[in-house]
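In the UniProt record's numbering, the protein residues as written are 1 to 318. All C-beta atoms in this analysis are idealised placements derived from N, C-alpha and C, irrespective of residue type, glycine included. This structure is a prediction, so every number in the text was calculated from the model and none was measured.
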Amino acid sequence: MSELSALRIIVLAGGISHERDVSLRSGRRVADALTDEGHFVTVLDPGANLLTTLAEQAPDLIWPTLHGATGEDGALLSLLETTGIPFVGSRGPAAALAWNKAIAKELVLRAGFATPPAIALSTETFRDLGATSVLEHLVRAIGLPLVVKPAQGGSSQGVTIVRAPADLPRAMVDAYTYADTALVEAYIDGAEVTVAVLDTGDGPEALPIVEIVPLDGVYSFEARYNAGETDFYTPARLSDDVAVTVAAAAVAIHTLLGLRHLSRVDLIVDAAGTPWFLEANVLPGLTETSLVPQAIEADRHTLGATYSALATNALVTQ
């Protein structure tokens with residue numbers, strides 16, 4: 001890369017969410033890949049002096065890798081927009097829509113895509129209506145098995161597959177550990193897949209689909225970030241026709257939610273080949289075990305070249 005095309009980039013990593021350690025790992029990997037491409041990269045853990053530091057350093061570009069509420073609820077991204085400095089990732093309002101799983105599911109459902117039936121319950125509603133009666137109603141209304149997860153959050157933290165009524169109270173407590181609202185969702189049996197959607201200048205495109213097969217049956221936080229606990233198939237073991245349908249759905253959902261540059265769309269593909277939308281991630285993990293880097297490499301591109309192309313596109317799409 002010529003010196004003229006090298007960019008001064010600040011990678012934001014760390015923060016104070018439950019996913020701080022993952023964010024630091026993502027940030028370091030992104031910084032290393034961009035440095036290898038000739039860019040001048042600084043990794044910055046955001047704090048009280050973030051906006052002052054950005055104004056003083058005036059980088060060409062910001063790359064947020066802040067997972068969890070710190071980076072994905074839209075607030076920080078909206079602030080970054082006001083600095084006038086280009087950044088990689090979705091704008092604040094779009095991120096806020098995707099961050100709230102219940103809202104994202106409703107928008108996707110209205111657009112004609114399948115998503116598991118679900119009920120969002122705040123801690124106040126759960127308490128005021130009587131936890132026991134609410135739990136009994138959920139089992140009758142949704143059926144078993146079901147999935148309980150925080151309505152906001154990532155990295156599978158606080159997610160439980162409930163197969164027996166006795167396990168539901170603990171699952172609700174776990175979900176409320178990470179968010180004030182829990183999403184109780186019907187369980188869909190099928191292949192768990194994820195689709196990275198990237199826009200390096202020619203519009204959003206789906207990368208090879210990754211199929212996720214956790215060895216203990218649950219793609220938990222530990223299964224995500226500890227090597228050897230999950231088998232991955234890239235491309236996923238889907239027929240060509242189904243793979244085309246899944247990829248097209250992911251790109252359409254990325255566009256529908258107003259996302260840009262980079263996202264990851266998680267789905268379940270049932271036996272009939274129907275993709276069921278679970279959630280969209282606006283700042284997906286980019287660690288050594290994360291799924292987006294696997295998809296990039298399966299597409300026979302290097303991380304450095306791909307991240308550099310994303311950075312260059314971000315300069316012109318503010």
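> For the segment 159-173 against the segment 189-207, are there 3 or more C-beta pairs whose distance is under 8 Å?
Replying inline: no
> Can you name, in chain order, every residue of its own chain whose Cβ lies under 7 Å from the Cβ of V269, other than the five neighbours on each side?
Replying inline: Correct list, in chain order: G190, A191, V193, L238, V242, V246, P275.
> So the beta strand (DSSP E) R260 belongs to, where does it begin and stop?
Replying inline: From DSSP, R260 is part of no beta strand (DSSP E); its letter is neither H nor E.
> Where do the N-terminal and C-terminal ends of the alpha helix (DSSP H) with R20 fall, by residue?
Replying inline: 20-36
> Based on Cα-Cα distance, which residue from A13, Y233, A186, T234 lies nearest to A114?
Replying inline: A186
>> Distance check for E136 and G143, CA to CA, integer angstroms please.
In response: The C-alpha of E136 is placed about 10 Å away from the C-alpha of G143.
> Considering only the beta carbon of each residue, do V43 and A13 sit closer than 8 Å?
Replying inline: Against a cut-off of 8 Å, the Cβ pair of A13 and V43 comes out as a contact.
> Tell me which same chain residues have a C-beta within less than 8 Å of the C-beta of N313, skipping the five on either side of it?
Replying inline: D199, T200, G201, H261
> Which residue's Cα is closest to the Cα of P214: S156, H254, T177?
Replying inline: If we check each option's Cα against that of P214, S156 comes out closest.
>> Check whether the segment 281-289 and the segment 8-25 touch, using three or more Cβ-Cβ pairs below 8 Å as the test.
In response: yes
> Going by alpha carbons, who is nearest to A6 out of D21, S17, D36, E19?
Replying inline: D36
> In angstroms, rounded to a whole number, what distance separates the CA positions of S133 and T125?
Replying inline: One C-alpha to the other measures close to 12 Å.
> Taking the Cβ atom as the reference point for each residue, do V195 and A206 lie within a distance shorter than 8 Å?
Replying inline: yes
>> So for I16, helix, strand or coil by DSSP?
In response: coil
> In the segment 75-128, which residue ranges form an unbroken alpha helix (DSSP H) of at least 4 residues, counting only runs that do not cross its ends?
Replying inline: Fully enclosed alpha helix (DSSP H) runs of 4 or longer: 75-83, 92-99, 101-110, 123-128.
> I think V210 touches A236, with their Cβ atoms under 8 Å apart; what is that distance to the nearest whole Å?
Replying inline: 6 Å
> Alpha carbon to alpha carbon, what distance is there between V147 and L61?
Replying inline: 39 Å
> Which ranges would you report for the beta strand (DSSP E) in the segment 262-306 if only whole runs of at least 3 residues count?
Replying inline: 262-269, 275-281
> Can you tell which of H39, D180, T83 has its C-alpha closest to the C-alpha of T53?
Replying inline: Checking every option, the nearest Cα to that of T53 belongs to T83.
>> Rounding to the nearest angstrom, what Cα-Cα distance links T306 and A252 in this structure?
In response: 21 Å
> By DSSP, does I142 sit in helix, in strand, or in coil?
Replying inline: helix
> Is it right to say T317 is buried, meaning 16 or more other beta carbons lie within 10 angstroms of its own, or is it exposed?
Replying inline: exposed
> Buried or exposed: A98, going by 16 or more other Cβ atoms within 10 Å of its Cβ?
Replying inline: Buried, because 16 or more other Cβ atoms sit within 10 Å of the Cβ of A98.
>> Counting only beta-carbon separations shorter than 8 Å, does F126 have a partner in chain B?
In response: Checking the listed chains, one finds no chain B in this structure; it contains a single protein chain.
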